[in-house]
């Protein structure tokens with residue numbers, strides 16, 4: 171059975187109006203040429219129709235107070251939605267704060283490691299300097315305080331890809347002696 175706006179308007183009560191479904195409200199809005207889109211929420215259409223029906227004196231002005239009740243129902247959903255958005259934003263900010271703290275901790279750890287490395291380098295330099303000072307004061311001055319690999323390169327056997335096993339065998343023999 172299809173909704174007939176003219177028939178509905180002959181005997182309108184708040185209870186009948188309040189029980190209308192969205193397609194019926196859309197047909198009624200079309201009858202009054204409100205230009206409401208299908209995507210419009212039912213409560214918005216209902217509020218618009220209350221205004222029109224009160225202006226036309228089909229419904230009495232006491233129905234405008236009921237329109238306020240409808241708005242508070244929507245407002246409750248809006249409040250919940252706003253609270254959820256605020257909670258989401260709060261979680262997002264907490265996450266950003268945690269990430270920032272982790273980043274700062276990593277930077278501090280990196281600086282600590284750099285300072286430890288620098289301290290070790292200074293200790294090694296001081297030790298080397300003290301050794302070189304003590305060796306220069308001894309009777310036999312060393313002209314080369316470090317290992318010169320170029321002098322011992324002739325001891326390393328020639329490497330050929332075909333005879334890899336032979337190369338390693340030779341190295342093993344030298345290590346044993």
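Residue numbers (the numbering used here): 171 to 347. From the three backbone atoms N, C-alpha and C, an ideal C-beta is built for every residue, glycine too.
- The DSSP-derived three-state label of residue 298 is helix.
- Taken through DSSP and simplified to helix, strand or coil, residue 249 comes out as helix.
- Between residue 224 and residue 234, the CB-CB gap stays under 8 Å.
- In the structure shown, residue 209 adopts coil according to DSSP, grouped into three states.
- Here residue 223 carries a helix assignment [DSSP, helix/strand/coil].
- With contacts defined as CB atoms closer than 8 Å, residue 212 and residue 186 fail to qualify as a contacting pair.
- Under the 10 Å beta carbon count, residue 334 is surrounded by fewer than 16 other beta carbons and is classified as exposed.
- Each residue's CA atom was taken as its position, placing residue 173 and residue 198 some 9 Å apart.
- In the three-state DSSP reduction, residue 235 falls in the helix class (H, G or I).
- Separation of residue 319 and residue 345 (C-alpha to C-alpha, rounded to the nearest whole angstrom) is 17 Å.
- Pairing residue 206 with residue 179, the inter-Cα distance amounts to about 19 Å.
- With contacts defined as CB atoms closer than 8 Å, residue 236 and residue 184 qualify as a contacting pair.
- In this structure residue 195 is in contact with residue 215, their Cβ atoms being roughly 5 Å apart against a cut-off of 8 Å.
- 8 Å or more divides the Cβ of residue 218 from the Cβ of residue 229.
- Scanning its chain for C-beta atoms nearer than 6 Å, with the 5 sequence neighbours on each side dropped, one finds around residue 222 the residues 202, in chain order.
- Listed in chain order, the non-local C-beta contacts of residue 321 below 8 Å within the same chain number zero, local neighbours out to five positions each way being set aside.
- The beta-carbon separation of residue 327 and residue 340, rounded to 5 Å, stays under the 8 Å limit for a contact.
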